[in-house]
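Novice: Going by our numbering, the first sequence runs without a break in its numbering and finishes at 542.
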Amino acid sequence: MGHSSGLRDGQRGRLPARSMAWPAFSGSLTDVGPQAVRQDPDEVAPRLRVRGFILDTAAFRAFEEERRQLQSQTERLQRERNTRSKAIGAAKARGEDIALLVAQVGDLGQRLNAAKAAFNGLQERLHRFLSEIPNLPDASVPEGATEADNLELRSWGRMPQIDFEPLDHVDLGAGGALDFAAAVKISGARFVVMKGAAARLHRALTQFMLDTHVEEHGYTEVYTPYIVNSASLFGTGQLPKFADEQFAIEGAGGMHLIPTAEVPVTNLYRDVIIDADALPIRHVCHTPCFRSEAGSYGKDTRGMIRQHQFEKVELVQLVRPEDSWQVLEELTGHAEAILKKLELPYRTVALCGGDLGFAAAKTIDLEVWLPGQGRYREISSCSNFLDFQARRMMARYKDAGGGASEYVHTLNGSALAVGRTLVAVLENFQDGAGGASVPEVLRPYMGGAARLDLNTI
RNA sequence: GGAGGGGUGGCUGAGCGGUCGAAAGCGCUGGUCUUGAAAACCAGAGAGGUGAAAGCCUCCCAGGGUUCGAAUCCCUGCCCCUCCGCCA
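Here you go:
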């Protein structure tokens with residue numbers, strides 16, 4: 086314990102890369118982040134292979150060897166400078182002539198600067214190398230490369246009895262309720278304009294989800310900025326590796342549109358030592374999410390399944406390490422509760438290693454049944470990050486009695502993606518007459534209406 | 001947008017370019033005292049890197065510069081505060 090491997094100190098979590106702290110390593114090899122690489126690359130490499138990440142242990146060893154050499158050289162010169170300067174100061178205090186001493190220093194400063202530059206350059210490359218290593222998957226994560234290898238855990242609900250050919254949401258909204266053409270004109274592909282009943286349904290879903298999590302699941306609602314700095318994106322793991330997937334704001338010094346509320350909400354606790362009594366911390370937050378969808382060309386181009394802008398109600402928890410697996414189950418249950426209340430059939434799957442996000446140790450997806458497409462589609466993703474994000478952002482907790490601070494564990498999950506939920510409601514509750522019935526729980530949010538007319542806007 | 005003032009350890013707040021990693025107070029930890037607590041008194045304690053260890057090296061917002069030597073001087077950036085202007 087207390088063992089640490091920070092690359093740079095006193096500069097925690099700030100970008101650019103040069104000034105970012107590498108979070109410390111302070112635990113056993115079990116269930117720690119890639120920092121364990123520094124302890125035992127050979128132990129970590131096979132575990133990373135489960136998610137398809139090949140750890141270049143040879144490169145790492147080369148880095149370490151160079152680091153060792155440059156660091157000791159730099160520190161030796163620093164020590165010499167300190168010693169000589171102190172001697173000069175002491176001589177001066179005694180009123181002696183210091184000219185000779187100063188002359189003896191020679192080109193020490195030059196040599197030190199050169200050594201420092203070499204060391205800093207190495208540090209930067211090493212830091213980049215380490216910060217692009219994903220979290221270690223939990224032992225329970227199934228092997229596999231793609232979505233097809235995900236493991237179905239359970240399913241809930243009954244498929245709707247539709248005695249006509251079900252339409253998908255694009256056709257259901259073709260009367261203008263979902264206006265993709267308008268969105269193309271004012272923005273471009275992968276956007277939607279919702280009108281009339283659809284727009285109201287979208288708002289109703291959001292309010293319903295927020296109210297449920299606040300009133301029934303004990304979450305505290307937060308409202309956050311939709312634009313964040315790079316340090317925040319580093320903290321949750323979107324940077325440096327996934328810059329392409331974010332929308333950066335030009336000329337704004339590293340500001341980005343948020344890809345998910347996870348970023349601003351989790352980063353509320355960046356560089357914070359939380360009172361242990363305050364745990365668990367539970368936040369629910371509704372935000373738009375912005376994703377460039379780079380690399381998904383040709384994928385889900387029809388409809389509003391994959392958009393550059395969508396709304397999401399997100400659950401975020403910060404918990405004591407020993408509680409995080411239990412909390413993953415609970416948090417997933419909170420997301421499931423929304424689907425159940427909406428009477429939407431879904432199934433639960435454990436993501437395989439290859440499908441796992443960068444920062445997650447384990448992820449459970451909820452997939453809702455879409456009659457219009459005749460398949461299940463992801464509508465929520467609930468993950469345990471263990472201390473991976475906490476290390477990146479220095480989010481720690483401390484017991485009241487003092488003692489060392491420890492990293493919290495962070496979790497989050499969509500509950501739910503609002504746009505996809507709207508799609509699911511329209512497709513599952515379509516009535517074959519250009520409309521859809523409104524799930525009971527939503528009616529109070531829809532002015533009591535029991536049916537949506539999608540053709541009148 | 002304009003004009004000023006600032007960023008020092010958990011907090012408040014000192015700090016002539018040379019034993020300053022940094023005074024003091026508060027808070028914190030341990031002890032004495034007390035039935036217990038409070039008060040009082042005494043003692044202790046920053047974070048990190050590296051190394052088997054001794055030790056050595058960083059860190060006074062960040063980056064750069066001047067200097068034998070920078071918390072202290074200079075430049076740039078970021079952030080905060082006050083006033084003016086504009087504004088949902």
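The C-beta atom is built at its ideal place from N, Cα and C for all residues, glycine as well.
Values in this document were obtained by computation on a predicted structure and should not be read as measured data.
If I follow the unbroken beta strand (DSSP E) through E183, where does it start and stop?
Specialist: Residue numbering aside, residue 183 sits at position 98 when the first sequence is read from its first letter. In the sequence as displayed, the identity of residue 183 is Ile instead of Glu. Premise fails: I183 is in no beta strand (DSSP E) and is neither H nor E.
Novice: Counting C-beta neighbours from all protein chains within 10 Å, is the total for A509 16 or more, i.e. buried, or is it exposed?
Specialist: Reading the first sequence from its first residue, position 424 is the one you call residue 509. Buried is the call here.
Novice: Runs of 3 residues minimum, wholly inside the segment 369 to 406: which ones carry the beta strand (DSSP E) assignment?
Specialist: Correct list: 394 to 404.
Novice: From the DSSP output, read off the bridge partner residues of R239.
Specialist: For this step, residue 239 is matched to residue 154 along the first sequence. According to DSSP, which records beta bridges pairwise, R239 is partnered with T433.
Novice: Quick check: the segment 431 to 438 against the segment 278 to 289, are there 3 or more CB pairs under 8 Å?
Specialist: Because the criterion of three Cβ pairs below 8 Å is not met, the segment 431 to 438 and the segment 278 to 289 do not touch.
Novice: Does the contact criterion of 3 or more C-beta pairs under 8 Å hold for the segment 243 to 259 versus the segment 450 to 458?
Specialist: At 8 Å Cβ cutoff, the stretches touch.
Novice: Tell me the rounded alpha-carbon separation between G112 and L257.
Specialist: On the first sequence, residue 112 is found 27 positions in, with the first residue counted as 1. On the first sequence, residue 257 is found 172 positions in, with the first residue counted as 1. Reliability fails at G112, whose pLDDT of 26 lies under 50, so the model's placement of it is uncertain and the value that follows must be treated cautiously. C-alpha separation (whole angstroms): 54 Å.
Novice: With a 10 Å radius around its C-beta and 16 neighbouring C-beta atoms as the bar for buried, classify Y308 as buried or exposed.
Specialist: Mapped onto the first sequence, residue 308 falls at position 223. By the neighbour-count rule (16 or more Cβ atoms within 10 Å), Y308 is not buried but exposed.
Novice: Whole angstroms are fine: how far does the CA of F276 sit from the CA of L501?
Specialist: In the first sequence, residue 501 corresponds to position 416, counting from 1. In the first sequence, residue 276 corresponds to position 191, counting from 1. About 19 Å.
Novice: Taking the Cβ atom as the reference point for each residue, do G498 and S466 lie within a distance shorter than 9 Å?
Specialist: In the first sequence, the residue the question calls residue 498 occupies position 413. In the first sequence, the residue the question calls residue 466 occupies position 381. Taking 9 Å as the Cβ cut-off, G498 and S466 qualify as a contacting pair.
Novice: Roughly how many whole angstroms lie between the Cα atoms of A361 and R288?
Specialist: Locating residue 361 in the first sequence gives position 276, counting from the first residue. Locating residue 288 in the first sequence gives position 203, counting from the first residue. Distance between the alpha carbons of A361 and R288 is about 36 Å.
Novice: Could you pull out every residue in the same chain whose Cβ sits closer than 6 Å to the Cβ of T305, ignoring the five residues on either side in sequence?
Specialist: Against the first sequence, residue 305 aligns to sequence position 220. The answer, listed in chain order, is H368.
Novice: For the 8 Å Cβ check, are there 3 or more pairs between the segment 390 to 407 and the segment 194 to 206?
Specialist: As far as the Cβ criterion goes, the segment 390 to 407 does not touch the segment 194 to 206, which means the pair count is below three.
Novice: Please name the residue in C370, K171 and S240 whose C-alpha comes closest to that of E428.
Specialist: Residue 428 sits at position 343 when you count from the first residue of the first sequence. Ranking C370, K171 and S240 by Cα distance to E428 puts S240 first.
Novice: Quick one: is S317 buried, meaning 16 or more other Cβ sit within 10 Å of its Cβ, or exposed?
Specialist: Looking up residue 317 in the first sequence gives position 232. It is buried - the Cβ of S317 has at least 16 other Cβ atoms within 10 Å.
Novice: In terms of residue numbering, what span does the beta strand (DSSP E) encompassing E306 cover?
Specialist: By one-based count along the first sequence, residue 306 stands at place 221. It spans T305 to V307 - the beta strand (DSSP E) in which E306 sits, taken as one unbroken run.
Novice: Does the structure place the segment 520 to 535 close enough to the segment 260 to 273 that three or more beta carbon pairs sit under 8 Å?
Specialist: No, they do not touch.
Novice: Mind checking who L537 pairs with in its DSSP beta bridge?
Specialist: Against the first sequence, residue 537 aligns to sequence position 452. Answer is A521, bridged to L537.
Novice: Considering Cα atoms alone, identify which of E160, D408 and R462 is closest to N469.
Specialist: By 1-based counting over the first sequence, the position of residue 469 is 384. Ranking E160, D408 and R462 by Cα distance to N469 puts D408 first.
Novice: Could you tell me the distance, in whole angstroms, from the CA atom of E396 to the CA atom of I390?
Specialist: On the first sequence, position 311 is the one that residue 396 refers to. On the first sequence, position 305 is the one that residue 390 refers to. When rounded, the distance between both Cα atoms is 12 Å.
Novice: Give the single residue among F443, P524 and L537 whose Cα lies nearest to the Cα of A219.
Specialist: Within the first sequence, numbered from 1, the residue matching residue 219 stands at position 134. Before going on, a small fix: residue 219 reads as Pro here, not Ala. It is F443 whose Cα lies nearest to the Cα of P219.
Novice: Would you check if there are 3 or more beta carbon pairs closer than 8 Å linking the segment 144 to 159 to the segment 197 to 209?
Specialist: At 8 Å Cβ cutoff, the stretches touch.
Novice: Buried or exposed: which applies to I271, given that a residue is buried once 16 or more other Cβ atoms fall within 10 Å of its Cβ?
Specialist: Sequence index remark: in the first sequence, residue 271 carries index 186 (1-based). Burial call: exposed.
Novice: Just mark S225 as buried or exposed, buried being the case when its beta carbon has 16 or more other beta carbons within 10 Å.
Specialist: Sequence index remark: in the first sequence, residue 225 carries index 140 (1-based). Exposed is the call here.
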